Amino acid sequence: MRNFYRYLLLALVAAFLLLFLVGPVYTVVEVGLDRRLLLEVFSNYIYVEGLFNSFLIAVVTTVMVFAISLPLALLYDRYEFPGKNWCNLLMMLPMILPPFVGALGFQQILGHYGVINTLLTGCGLPAIDFLGGRGRFWSVCFIEALHLYPILYLNLVTALGNIDPALNEAGRNLGASGWTRFRRITFPLMKPGIFAGGSIVLVWSFTELGTPLMFGYNRTTAVQIFNGIMELETNPVPYALVVVMLFFAAAMYLAGKFALGPGAANPAAKGTAGSSATPLAGWRRALPGAAFLVVTLAAALPHLALLFTAFSLRWYGTVLPEHFTLLHFENALSNKIVIPSIFNSLKYSFLAMLLAVAAGVLTALAAVRWKLRGSAIADLLAMLPLAVPGIVIAFGFLGMSVKYTWVAEYFNPVENPIWLLAVAYAVRRIPYVVRSVSAGLEQTPEELENAARNCGAGAWTVLRRITLPLILANVIVGALFAFSFSMLEVSDSLILAQKSQFYPITRAIYELSQILGSGPFTACAFGVWAMLFLAATLAAAGAILGRKIGSIFKL
Amino acid sequence: MTSVEIKGISKSYQPGVPVLKPIDLKIEAGELFFLLGPSGCGKSTLLRILAGLVEPDAGSITFNGREITTLPPEKRRAAMVFQNYALWPHLTVFENVAFGLRVEGADRARIRREVESALELVQLADCMNRRIPSLSGGQQQRVALARALAVNPALLLLDEPLSNLDARLRDTMRHEIRRICKERRLTALYVTHDRQEALSMADRLAVMQQGEIRQIGRPEEVYNHPECRFVAGFLGDANFLEGEITPAGKFRSHFGEFALENPSGCTPGQRITAAIRPERIRFVDTPRPGSFRARLISRTFLGESCEWKLDADGLELTVTESAAPVRVPGESFELEFQSGHLVALRG
Chain A
32 MRNFYRYLLL ALVAAFLLLF LVGPVYTVVE VGLDRRLLLE VFSNYIYVEG
82 LFNSFLIAVV TTVMVFAISL PLALLYDRYE FPGKNWCNLL MMLPMILPPF
132 VGALGFQQIL GHYGVINTLL TGCGLPAIDF LGGRGRFWSV CFIEALHLYP
182 ILYLNLVTAL GNIDPALNEA GRNLGASGWT RFRRITFPLM KPGIFAGGSI
232 VLVWSFTELG TPLMFGYNRT TAVQIFNGIM ELETNPVPYA LVVVMLFFAA
282 AMYLAGKFAL GPGAANPAAK GTAGSSATPL AGWRRALPGA AFLVVTLAAA
332 LPHLALLFTA FSLRWYGTVL PEHFTLLHFE NALSNKIVIP SIFNSLKYSF
382 LAMLLAVAAG VLTALAAVRW KLRGSAIADL LAMLPLAVPG IVIAFGFLGM
432 SVKYTWVAEY FNPVENPIWL LAVAYAVRRI PYVVRSVSAG LEQTPEELEN
482 AARNCGAGAW TVLRRITLPL ILANVIVGAL FAFSFSMLEV SDSLILAQKS
532 QFYPITRAIY ELSQILGSGP FTACAFGVWA MLFLAATLAA AGAILGRKIG
582 SIFKL
Chain B
35 MTSVEIKGIS KSYQPGVPVL KPIDLKIEAG ELFFLLGPSG CGKSTLLRIL
85 AGLVEPDAGS ITFNGREITT LPPEKRRAAM VFQNYALWPH LTVFENVAFG
135 LRVEGADRAR IRREVESALE LVQLADCMNR RIPSLSGGQQ QRVALARALA
185 VNPALLLLDE PLSNLDARLR DTMRHEIRRI CKERRLTALY VTHDRQEALS
235 MADRLAVMQQ GEIRQIGRPE EVYNHPECRF VAGFLGDANF LEGEITPAGK
285 FRSHFGEFAL ENPSGCTPGQ RITAAIRPER IRFVDTPRPG SFRARLISRT
335 FLGESCEWKL DADGLELTVT ESAAPVRVPG ESFELEFQSG HLVALRG
């Protein structure tokens with residue numbers, strides 16, 4: 032009987048995922064998997080170039096992310112140094128700002144009359160066109176890398192933490208040098224972390240819409256899909272573009288899995304013999320902290336630029352703004368789309384968080400604890416959004432609302448997209464909840480629940496009194512990620528929120544930035560509001576978690 | 035007090051690989067019963083089946099004649115002390131011990147009374163408000179025991195509860211657990227692979243091997259009269275002798291003829307293995323009936339005793355003595371088996 036209810040709950044989760052994850056993907060594939068349309072994509076130079084550019088952005092961004100994350104993760108794992116406890120918190124900084132909002136501020140730094148060119152010309156050097164030609168490409172990659180490196184960093188730190196220090200000591204004992212130990216022991220064992228983080232970064236940067244859009248780098252597949260939505264009824268090519276993008280994203284994911292060996296997605300290493308970090312002495316003590324600080328400062332550049340732009344009355348050809356003002360903040364708050372967008376985002380994100388937490392916790396319980404038949408399929412479905420680009424799902428929802436009347440009735444992007452956006456946000460946030468809660472369950476011995484049952488507690492009492500309190504930090508972390516990432520969501524927001532009264536924050540910022548004249552400044556001011564709001568959310572979560580704040584970083 | 039009867043209980047986790055072959059066992063009310071065996075012999079599986087945490091493939095379990103085989107774990111009142119204690123780190127000592135009573139719906143006064151009584155019994159009354167991670171291993175073990183005792187269980191199950199403790203603490207806790215079980219007149223099933231633990235604490239014990247019970251009996255019975263080579267070897271050091279039964283019902287090996295403790299069932303001419311414990315062989319000064327000569331190979335000083343290895347016409351024998359006199363390896367000595375301690379093994 033107990034299993035009956037468990038299967039019922041699992042069936043509900045599976046139905047939710049089938050309907051709102053597989054459904055949209057299927058809708059897109061059904062239309063887009065058309066020979067004529069696909070031929071058109073591959074025979075049109077513009078689309079092929081878009082694909083090539085997207086792929087190049089993904090590869091370059093991922094390489095950049097590795098270059099930033101790997102040394103930092105190794106420093107964090109190997110050494111004890113002053114300020115180490117703050118490092119992981121600093122690494123979270125980029126997460127409080129969507130990259131496309133950062134791009135808004137960054138234009139002030141990289142623009143023709145921006146900070147860097149002002150400095151270069153001041154030194155008698157020629158100005159560099161960062162935002163034109165190939166400069167745009169590198170700017171897009173740089174901004175995305177600065178936003179995405181925490182994902183890989185946190186995964187690498189977790190993977191390194193899972194490696195028993197005794198394994199390295201055994202290598203050392205047999206005479207292996209530092210490099211040999213890294214190559215032969217550490218690297219193979221951290222493959223699951225590299226795969227988990229690297230694949231997310233690769234797929235994310237391949238399908239990123241906001242940043243290239245903001246930089247006007249329009250020859251990427253995601254931007255081409257976005258621009259094609261307006262004429263969707265006369266030109267269905269975007270459907271085929273989405274199919275091609277989905278295919279490439281899946282191919283990248285599988286290539287990563289293949290390259291990192293069988294079973295790379297299932298980290299088996301658990302439990303460690305404790306830290307083996309070496310304390311540093313003398314001036315060397317300052318080096319790791321300095322490295323973290325440099326990266327943090329670079330990551331904070333978009334935030335700083337956004338802040339300065341928001342406060343500046345005029346900022347052309349100078350290192351710092353010439354005059355400061357609060358005018359843009361007043362303008363931002365008085366704009367009729369801004370205040371509703373804050374409430375909209377809160378509504379959408381809160382509902383998305385509830386849905387993602389419910390589905391994620393149940394999936395994790397079914398897979399890790401209840402071990403129900405079929406739970407592996409639900410688990411796989413729940414993790415699928417990591418490999419399916421947001422723009423694909425958003426586009427699929429749009430297709431569903433056109434195709435099915437019941438979808439058009441309850442999930443209409445024009446009439447009222449509240450449930451549509453909540454569900455779209457939720458579906459793509461479920462993996463974070465599943466991953467976080469599964470980790471909590473795996474780290475909590477099942478014997479603790481058996482002990483409660485042995486003391487006479489029924490299934491519900493065990494769940495309420497033992498399991499949930501023990502994994503509460505993980506549930507909160509999952510919820511926090513679901514909420515924060517929903518607040519920062521770009522693809523769904525730009526595609527599915529079509530009327531101004533339903534705009535969420537990100538769409539409102541985009542709309543403000545398109546207003547000629549003071550638009551970008553007003554958008555920056557609103558971006559600062561959004562940034563402060565998200566920072567406050569994270570701080571509040573930190574206060575709730577208290578000393579358990581560290582568990583946020585154990586993905 | 036509860037008596038437990040296990041009939042034909044079997045379990046396989048993989049088809050064709052039985053963890054438990056059909057097991058029959060009866061534990062008397064108020065008895066401290068031990069399941070003893072090497073790792074992987076199925077003893078913990080049997081314990082978890084009794085707790086309801088593992089479903090058996092076949093067979094039945096009754097408590098005081100009442101069938102409980104399909105009863106969920108929370109309804110069995112078979113409180114368990116887990117090997118790693120399974121104490122809830124988010125609850126205090128008091129809350130851990132009170133958990134079962136709260137689930138039962140006991141009122142606050144009773145909860146307080148029972149928890150205090152259980153903690154006093156394990157001598158931890160002053161640790162009531164402490165958090166679990168702040169306790170030592172021994173204290174955690176006692177909290178786990180108090181938690182199981184607080185619910186006044188029908189059956190107390192202990193899964194190698196002392197395996198994580200150091201030797202000195204283990205000795206103390208052996209005595210404590212036995213005292214508590216007897217004070218509370220509890221029926222208890224204790225699983226261990228430590229023969230000293232089983233021999234020193236059990237009222238009765240069962241020795242298990244590869245999912246089967248090899249022998250059941252009182253500790254001294256099983257130790258002194260093992261029925262098979264496995265039991266003889268698992269419960270302590272033993273010398274094994276190959277030979278045949280004489281028409282007079284004696285045991286004849288290649289270096290002599292000896293009286294058997296249990297000749298019944300043996301037929302003249304039958305080849306058997308006999309066993310004798312090292313402490314049941316003694317050095318004698320002069321040859322006498324039943325004695326034999328053996329050459330000393332080595333001597334190992336063990337603190338409270340001394341172990342000698344000797345060669346008796348090609349058979350290596352181990353002898354232990356409480357004293358450690360000087361004997362020179364290479365010399366020959368006269369030995370004899372203490373009467374009534376050479377036992378015929380059936381398998």
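Protein chains in written order, with my numbering: chain A, 32 to 586; chain B, 35 to 381.
Just so you know, even glycine gets a beta-carbon here, dropped at the ideal spot from N, CA and C.
What you are looking at is a predicted structure, and each value in this text was computed from that prediction instead of being measured.
When DSSP states are grouped into helix, strand and coil, residue 546 of chain A belongs to the coil group.
Among the CB atoms of chain B, one or more fall inside 8 angstroms of the CB of residue 488 of chain A.
Counting only residues of its own chain and dropping the five nearest sequence neighbours on each side, residue 199 of chain A has a CB closer than 8 angstroms to the CB of 212, 216, 217, 307. Residue environment: residue 35 of chain B is assigned as exposed (fewer than 16 neighbouring CB atoms within 10 Å of its CB, all protein chains considered).
Going by DSSP, residue 123 of chain A is part of no alpha helix (DSSP H) at all; its letter is neither H nor E. Each of A/514, A/535, A/69, A/40 was checked against the Cα of residue 384 of chain A, and the nearest Cα belongs to A/514.
By the criterion of at least three beta-carbon pairs nearer than 8 angstroms, the region 54 to 71 of chain B is not in contact with the region 549 to 556 of chain A. Among the residues of chain B, none has a CB under 8 angstroms from the CB of residue 415 of chain A; the nearest is roughly 31 angstroms distant. Within chain A, the residues whose beta carbon sits less than 8 angstroms from that of residue 113 of chain B are 485, 486, listed in sequence order. Here residue 437 of chain A carries a helix assignment [DSSP, helix/strand/coil].
In the structure shown, residue 354 of chain A falls within a strand segment according to DSSP collapsed to helix, strand and coil. Judged by their CB atoms, residue 458 of chain A and residue 392 of chain A are not nearer to each other than the 8 angstroms cut-off. Minimum Cα-Cα distance from residue 277 of chain B among the listed residues B/293, B/271, B/264 corresponds to B/293. The beta carbon of residue 484 of chain A sits closer than 7 angstroms to the beta carbons of 493 from its chain, once the five residues preceding and following it are set aside; these are given in chain order. Within the region 85 to 99 of chain B, those residues whose Cβ lies closer than 8 angstroms to any Cβ of chain A are, in chain order, 85, 86, 87. Cβ proximity to chain B below 8 angstroms picks out nothing from the region 381 to 396 of chain A. A residue is called buried when at least 16 other Cβ atoms come within 10 angstroms of its Cβ; residue 87 of chain B meets this threshold and is buried.
Counting only runs of 4+ residues, the alpha helix (DSSP H) found wholly inside the region 62 to 117 of chain A occupies 66 to 74, 76 to 109, in chain order. At a cut-off of 8 angstroms between beta-carbon atoms, residue 120 of chain B makes contact with chain A. Secondary structure in the region 114 to 164 of chain B: the alpha helix (DSSP H) runs of 4 residues or longer, each lying completely within the stretch, are 127 to 138, 142 to 155 in chain order. Within the region 492 to 520 of chain A, the residues whose Cβ lies closer than 8 angstroms to some Cβ of chain B are 492, 496, 497, 500, 501, listed in chain order. At least 8 angstroms separates the CB of residue 263 of chain A from every CB of chain B. Beta-bridge partners assigned by DSSP to residue 284 of chain B: none are found.
DSSP places residue 166 of chain A in the uninterrupted alpha helix (DSSP H) bounded by 165 to 192. The shortest C-alpha to C-alpha distance from residue 80 of chain A to any of A/250, A/119, A/471 is the one to A/250. Counting only Cβ-Cβ distances below 9 angstroms, residue 185 of chain A has no contacts in chain B at all, with the closest Cβ about 24 angstroms away. Under the three-pair Cβ rule at 8 angstroms, the region 345 to 355 of chain A does not count as touching the region 422 to 437 of chain A. Residue 528 of chain A sits buried, since 16 or more C-beta atoms from the chains shown fall within 10 Å of its C-beta. Annotated three-state conformation of residue 354 of chain B is strand, per DSSP. With distances taken between CA atoms, residue 245 of chain B lies nearest to B/73 out of B/193, B/337, B/319, B/73. If you look at residue 184 of chain B, you'll find it in the alpha helix (DSSP H) that goes 171 to 184. Among the residues facing chain B, residue 337 of chain A is not included, as its CB has no counterpart in that chain under 8 angstroms away. Annotated as distal: residue 456 of chain A and residue 450 of chain A, with beta-carbon spacing of 8 angstroms or more. Using a Cβ distance threshold of 8 angstroms, residue 407 of chain A and residue 45 of chain A do not count as a contacting pair. Residue 286 of chain B and residue 319 of chain B have their alpha carbons spaced roughly 23 angstroms apart. Segment contact: the region 500 to 510 of chain A against the region 424 to 436 of chain A, fewer than three CB-CB distances shorter than 8 angstroms; contact not assigned.
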